[in-house]
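All remarks here apply to the structure that follows.
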Amino acid sequence: MGQKSMICAAQDPIKGKPIENSTLIKKLLELSDSKTEHLPGLFTLVPGMPVILTQNIAIELGLINGMNETFRQLVYEEESVSTEVLSDTFPNNSQYIHRPLYALVENAKSKVECD
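Residues in the sequence shown are numbered from -16 upward in steps of one, following the working numbering.
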């Protein structure tokens, strides 16, 4: 433990462009899930937590829709991190990731080996 919480913020574009206005971002994140197709505005990813893939990523590697995987690491650019509090739900020292690049997941059934 002792790690800062890593909270992913939803990426809601307007006309295909990212929203930069922090007031508008906060208002969007405050919307009820019933107004956002039941998708949360903020969610936590914790290394070791189970995740389910919702689309085919690499069929040849077994990364397919519906597979149970294990989240290992979130990869992001440092400038996409903010410590500005977006929700009272999370601890004050949380880090909010606004534009993650990708997530690394482990597929226990994979035949790919690494050293």
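We treat Cβ as the ideally placed atom computed from N, Cα and C, and that holds for glycine.
Could you please give the first and the last residue of the uninterrupted alpha helix (DSSP H) stretch that includes residue i?
| i | result |
| --- | --- |
| Thr53 | No alpha helix (DSSP H) holds Thr53; the beta strand (DSSP E) holding it covers 51 to 59. |
| Ile8 | 5 to 12 |
Which partner residues does residue i have in the DSSP bridge list?
| i | result |
| --- | --- |
| Thr27 | Ile(-10) |
| Ile80 | Cys(-9), Val64 |
Run through DSSP, which three-state label would residue i get?
| i | result |
| --- | --- |
| Glu89 | strand |
| Leu44 | helix |
Our contact map puts residue i next to residue j with C-beta atoms below 8 Å; I'd like the distance itself, whole angstroms only.
| i | j | result |
| --- | --- | --- |
| Gly24 | Ala(-7) | 5 Å |
Can you tell me the Cα-Cα spacing of residue i and residue j, whole angstroms?
| i | j | result |
| --- | --- | --- |
| Ala86 | Cys(-9) | 11 Å |
| Leu14 | Ile2 | 16 Å |
| Val29 | Met(-11) | 7 Å |
| Ala91 | Ser77 | 30 Å |
| Ser93 | Asn4 | 42 Å |
| Leu57 | Asp16 | 24 Å |
| Asn39 | Val95 | 17 Å |
At which residues does the beta strand (DSSP E) containing residue i begin and terminate?
| i | result |
| --- | --- |
| Ile35 | 33 to 35 |
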